[in-house]
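Protein chains: 4
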Amino acid sequence: MDTRDGGVPPDLRGVQEAVDAWIGQFEEGYWPPHVNLARLTEEVGELARLINHRFGPKAKKPEEDDQELGEELADILFVLVAIANEQGIDLTEAFDGVLTKYRRRDSDRWERKADSPGGAED
Amino acid sequence: MDTRDGGVPPDLRGVQEAVDAWIGQFEEGYWPPHVNLARLTEEVGELARLINHRFGPKAKKPEEDDQELGEELADILFVLVAIANEQGIDLTEAFDGVLTKYRRRDSDRWERKADSPGGAED
Amino acid sequence: MDTRDGGVPPDLRGVQEAVDAWIGQFEEGYWPPHVNLARLTEEVGELARLINHRFGPKAKKPEEDDQELGEELADILFVLVAIANEQGIDLTEAFDGVLTKYRRRDSDRWERKADSPGGAED
Amino acid sequence: MDTRDGGVPPDLRGVQEAVDAWIGQFEEGYWPPHVNLARLTEEVGELARLINHRFGPKAKKPEEDDQELGEELADILFVLVAIANEQGIDLTEAFDGVLTKYRRRDSDRWERKADSPGGAED
């Protein structure tokens, strides 16, 4: 993880544990992958509806607060984490792997800022 | 946040900062919501392909490790966080809100385990 | 169906039969709904990738022909029709129902053209 | 198009014209690709919700008629056709191309029925 800007390193354990604590209360437990995927598709659809509503051709509510958008994103995150938990996947590790992949694959894909530390190093 | 099981409380700041550090290096910066949404749709599609491949009617590779699945989930997470960052949304707060919403709305939706602390308290 | 402009009335029987003829050749037959849905999600993801590629921030190929876009749309249509067939749904009837629904619900939702016949009739 | 079973050949002109007649009434006209895609994502999400509701872990309504499912499929079809129309794509031709592609690519992918005419010919 690149923490050159002094950021907090990514840690998704707490999020995975929170989802597990919630789901673990119920007899049903985790859903199988296809059912979770359908739920994810449903939640992404709700985000799409909201994005068209706020940023589409007939957008009318620029003053609306961000609460609803945040809620849709968090709903998606919940299902995503449920899929990871059900499959025994460590998201912190997976996310780190993706950052590393992007660093290798895309470092020259976009125009780097002149003052980016990576400009010289990568 | 319910930490009765001694779990780490959800904290997504590090993830949001990691995405911001990566995208912040480039002149292009964040994409607008519709473009990010299309990217999210693309990544969810890749997860769907993988889930059908591993758990669908012709699934053939139970022995395959979970690396690819973790990578797809993390790709989705990356775009999700990019949307939140571009919109100035605090995902930790939004995720906490969703957990609270679930606690209120769904606590009687599923059959609670006999030994669940929430069984008596909620 | 409104054929006031002399158009061909919607008829999706041929499309449903073509998909049925194709799938009917194989022992596997139709997939169950969740598997078909995952396939639909995958195909919509491929359309999303293409739309970002052609119309996104870094779009580079305005001269590219429409063949690939048509293929993605037709791939989605194929899965959509497979879901309808598997569930015994008559798409011609369902599509007619949706046109009727739109006519009732949305006829005043958008600004009607001055010369639209519906402007006076509906 | 394979009409060996006496089926109606696929013809999507009427469907494209019906969508064009509907949208053509309004000043707004067609939406741009990203907005249409978001709408498609939203509609696929509604189908996903319904599929989980009818065929998921807690499915409760086997007796429910197919009307709602047909409506969701037709909603998706409407947006799909709107994208094709906006881009000037002939869906009949594109669908024919996909059937041809499947015939070439997948004819040996699945187990063919013993009595399938294609078993000997293809």
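Chains as they are written, first to last, in this note's numbering: chain C, 297 to 418; chain H, 297 to 418; chain R, 297 to 418; chain F, 297 to 418. Even glycine gets a Cβ: it sits at the ideal position worked out from N, Cα and C.
Below 7 angstroms on C-beta distance, what does residue i contact in chain R?
i	result
ARG309/F	VAL304
ALA390/F	GLY366, GLU367, LEU369, ALA370
How long is the line joining the alpha carbons of residue i and residue j, rounded to whole angstroms?
i	j	result
LEU346/F	PRO329/C	17 angstroms
PRO306/F	GLY352/F	33 angstroms
MET297/C	LEU343/R	Here MET297/C scores only 44 on pLDDT, less than 50, and its place in the model is too uncertain to base an answer on.
LEU333/F	ASN381/H	22 angstroms
GLY366/C	ASN348/H	30 angstroms
GLU364/C	LEU395/H	14 angstroms
GLY320/R	ARG408/C	53 angstroms
ASP386/H	ASP392/H	10 angstroms
TRP318/F	LYS354/F	38 angstroms
ALA314/C	ASP316/H	24 angstroms
ASP362/R	LEU376/F	15 angstroms
THR337/H	ILE379/F	16 angstroms
VAL331/F	ILE372/F	14 angstroms
GLY341/C	GLY341/F	4 angstroms
GLY303/F	GLU368/H	41 angstroms
PHE374/R	ARG335/H	23 angstroms
GLN312/R	GLN312/F	16 angstroms
Run the CB neighbour count on residue i, radius 10 Å, all protein chains shown included, and call it buried at 16 or more, exposed below.
i	result
THR388/C	buried
GLU323/H	exposed
GLU339/R	buried
GLY310/F	buried
ARG400/R	exposed
ALA370/H	buried
GLY384/C	exposed
GLY325/C	exposed
ALA390/H	buried
ALA410/F	exposed
LEU308/F	buried
Give the residues of chain F in contact with residue i, contact being defined as C-beta atoms less than 9 angstroms apart.
i	result
TRP327/C	ASN348, GLY352, PRO353
GLU382/C	Neighbours of GLU382/C on chain F: none; closest Cβ ~12 angstroms, over 9 angstroms.
Is residue i near the ligand MN - that is, is its Cβ less than 7 angstroms away from at least one heavy atom of it?
i	result
PHE391/R	No copy of the ligand MN appears in this structure; indeed no ligand is present at all.
Bridge partners for residue i per DSSP, in chain order?
i	result
PHE351/C	Partner(s): none; PHE351/C has no beta bridge.
ARG408/F	PHE322/R
Chain H partners of residue i, CB-CB under 8 angstroms?
i	result
VAL314/F	Going by the sequence as given, residue 314/F is Ala instead of Val. None at all; the shortest Cβ gap to chain H is about 26 angstroms.
Quick one: list the residues of chain C neighbouring residue i, beta-carbon separation under 7 angstroms, in chain order.
i	result
VAL340/H	LEU336, THR337, VAL340
ARG345/F	GLU338
VAL394/H	GLU367, ALA370, ASP371, PHE374
VAL331/F	ASN348, GLY352, PRO353
Along chain R, which residues have their Cβ under 9 angstroms away from the Cβ of residue i?
i	result
GLU324/H	PRO353, LYS354
Give me the chain F residues within the contact set of residue i, using Cβ-Cβ distance strictly less than 8 angstroms, ordered along the chain.
i	result
ARG408/R	GLN321, PHE322, GLU323
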